[in-house]
Each structure stands twice: as C-alpha cells, then as structure tokens.
Amino acid sequence: MHPHLHTKDNAGCEEIMTALDECHARGFLWKCMGMCSGLKTEVNKCLRAERLERTAQNREEARARNARVKAAWAEIEANS
6 MHPHLHTKDN AGCEEIMTAL DECHARGFLW KCMGMCSGLK TEVNKCLRAE RLERTAQNRE
66 EARARNARVK AAWAEIEANS
C-alpha cells in the first residue's frame, strides 16, 4: 500500500491493508486474474468509513469553533 495510507488515521484498516499487500506479493498473475479484487474493495470501504468518521468529527469541531467566534463577536458588539 502507499505509505500515506499507513497513518494513525487509518489504523482501523491496517489489517485489511496488510492482507492486500500479502495478496499483491503473491505475484503479477495473481493480481492480474483479480484474486485481490475483493480485498481491494474491502480496503476502499474501510478507508471511506474512516474518512467519513473524520469528516463528521471535523464538522462538529468547526460548529463549536464557529459558535465561540459568534459569541465573541456578539459580546464585542454588545460592549461597543
């Protein structure tokens, strides 16, 4: 797998990625005949789930941050 996929953000997919690496290591014909396609699909599903989870978390953090900014501006406007 690509090194940028082996990060702390994708730790939940490490086992599947390792299995795909092992499948690819069996040789070109093994890959070419589609023997690794199922694992590749599983890796894609896992990485997508991890990304969606991070996206939801980032969205919540942004909402909280925006609420704090709005509150600060409201306080500044009230004191002006």
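Numbered according to my numbering, the sequence shown terminates at residue 85, and the numbering increases by one at each position without gaps. In this text, a Cβ means the ideal position worked out from N, Cα and C, and glycines have one as well. All of these numbers come straight from a predicted model, not from anything done at the bench.
Please tell me whether residue i and residue j are closer than 7 angstroms, where the distance is taken between their beta carbons.
i	j	result
N15	E47	no
L25	L44	yes
CA-CA distance, residue i and residue j?
i	j	result
N63	K13	16 angstroms
K75	A61	21 angstroms
M40	G17	23 angstroms
W78	R59	28 angstroms
E66	E80	21 angstroms
Just checking: is the beta-carbon of residue i within a distance shorter than 7 angstroms of some beta-carbon in chain B?
i	result
E20	Chain labels in this structure do not include chain B; a single protein chain is all it has.
contact_flag[the segment 65–85, the segment 24–39] where n(CB pairs < 8 angstroms) is 3 or more: no
Segment contact, 8 angstroms Cβ cut-off, at least three pairs: the segment 10–24 with the segment 35–53: yes
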